[in-house]
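As structure tokens, the structure follows; a few thoughts come after it.
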Amino acid sequence: MSSYYPRTKDLTRTRKSLTESPPSSPSPTEKNYRHDRVSRFDSIGESATDKSLGRTSSYTRREARLAALNKQEQDSTAKDYKKMYAEALHENAKLKSRLQESKQELAKIRSQLEKVTQRHDTISERSSVLESEKREKQTLEKRVSDMEDELKVSPCKNSVHSLKWHLFCLRHKCCLICLVDVFSTKNIIILIVLAGTSSQAPFTHSK
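Each residue of the sequence shown is one higher than the one before, starting from 1 at the first, in full-length UniProt numbering.
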């Protein structure tokens, strides 16, 4: 018990002396170490700040570049749309003018076709009339030849006179039929009718 007490008393004194003694000045090596450590921390902090600022500035520049590119693309797109719209209007105007020209050309072709159709109808009608008149002429010529033969055989004067008159009228009709190219069909029919009436008048007078 007595031996334990002095030992604790010494420990207490030692602790007290340590706490009461002033702090010892650091050695130059410790100073340099601390300075290097502080400067390293400062440089690390500055480098981190610089890096963050650099990242921020690069991000800002990138955003500005992207915004400029987007604006250029929008402007070019708007210009392209305007150009395409103008080209579409121009093409539409050209198509309208071509359509108008095509309509006019179609109207001309239709009028020409109608004229050709009318001409063809007239020619066909005229050819049919000519064909019928040709047959009538042949019939009349045959009648003339038959009457001439009858005139040669018949001895009666009155019948001879009447036959001569009929021959004259028939020949006159043949001459009228030959003038188809000069007169129209209606005029020829009127002339034939007039010739028929004129041929009947002397025949009744002779009776």
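Ideal Cβ positions, reconstructed from N, Cα and C, are used throughout, including at glycine. Computed from a predicted model, the values in this text were never measured in an experiment.
Item	Value
For Ala88 and Asp75, the rounded distance between their alpha carbons	20 angstroms
Beta strand (DSSP E) runs contained entirely in the stretch 80-115, provided each spans 3 or more residues	none
Any non-hydrogen atom of the ligand HEM within 8 angstroms of Val144 CB	The ligand HEM is absent from the structure shown, which contains no ligand whatsoever.
Backbone CA spacing between Val116 and Leu130 [nearest angstrom]	20 angstroms
Alpha-carbon to alpha-carbon, Lys79 and Arg61	27 angstroms
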